[in-house]
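S.K.: Attaching a single structure in structure tokens format; questions to follow.
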Amino acid sequence: MSERDKLLDRFLRVQGWLYGGGKGDDNIEYIRIAAVVTRHPHKCCSPYHDTSPKEYPARTLMIVENAKFDGQFRSAYTCESCIRESEKELR
Ligand SMILES: [Zn+2]
Numbered sequence: 003m004s005e006r007d008k009l010l011d012r013f014l015r016v017q018g019w020l021y022g023g024g025k026g027d028d029n030i031e032y033i034r035i036a037a038v039v040t041r042h043p044h045k046c047c048s049p050y051h052d053t054s055p056k057e058y059p060a061r062t063l064m065i066v067e068n069a070k071f072d073g074q075f076r077s078a079y080t081c082e083s084c085i086r087e088s089e090k091e092l093r
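Under the working numbering, the first residue of the sequence shown is numbered 3, with each subsequent residue one higher.
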């Protein structure tokens with residue numbers, strides 16, 4: 003299993019807890035969820051993320067969710083540290 007697959011697997015396990023399972027967000031239509039090495043700096047969008055640095059430099063392994071939200075395409079990134087913290091909470 004590659005590092006990307008591992009991170010994606012971990013993310014999918016905590017996604018419901020981290021983002022409330024998308025309950026009540028009927029306007030969100032997920033198009034793609036993937037682990038990527040970023041090409042540009044990105045902020046972690048997790049509501050759990052309250053520690054700095056909030057913005058990660060390019061070439062960081064992160065989770066990206068591409069979704070159609072209220073008819074608009076959006077991308078949301080989640081960092082590894084938020085996934086790790088979620089795993090601790092769920093333990
Ligand atoms: Zn984060």
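Glycine included, C-beta positions come from ideal geometry on N, C-alpha and C.
Consult DSSP for Arg34 and reduce its assignment to one of helix, strand or coil.
M.R.: strand
S.K.: So, is Ser4 buried or exposed, given that buried needs 16 or more other C-beta atoms within 10 angstroms?
M.R.: exposed
S.K.: On the DSSP letters alone, give me the boundaries of the beta strand (DSSP E) that Arg76 sits inside.
M.R.: 74–80
S.K.: Could you name the residues of the same chain whose beta carbon sits closer than 7 Å to that of Arg94, not counting the 5 residues immediately before and after it, in chain order?
M.R.: It is not possible to answer for residue 94, since the shown part of the chain is limited to 3 through 93.
S.K.: Which residues have a Cβ closer than 7 Å to any heavy atom of ligand 1, listed in chain order?
M.R.: Listed by chain position, these are Cys46, Ser48, Tyr50, His51, Thr80, Cys81, Ser83, Cys84.
S.K.: Taking Cys47 as the reference, which of Asp72, Glu31, Arg61, Arg76 has the closest Cα?
M.R.: Arg76
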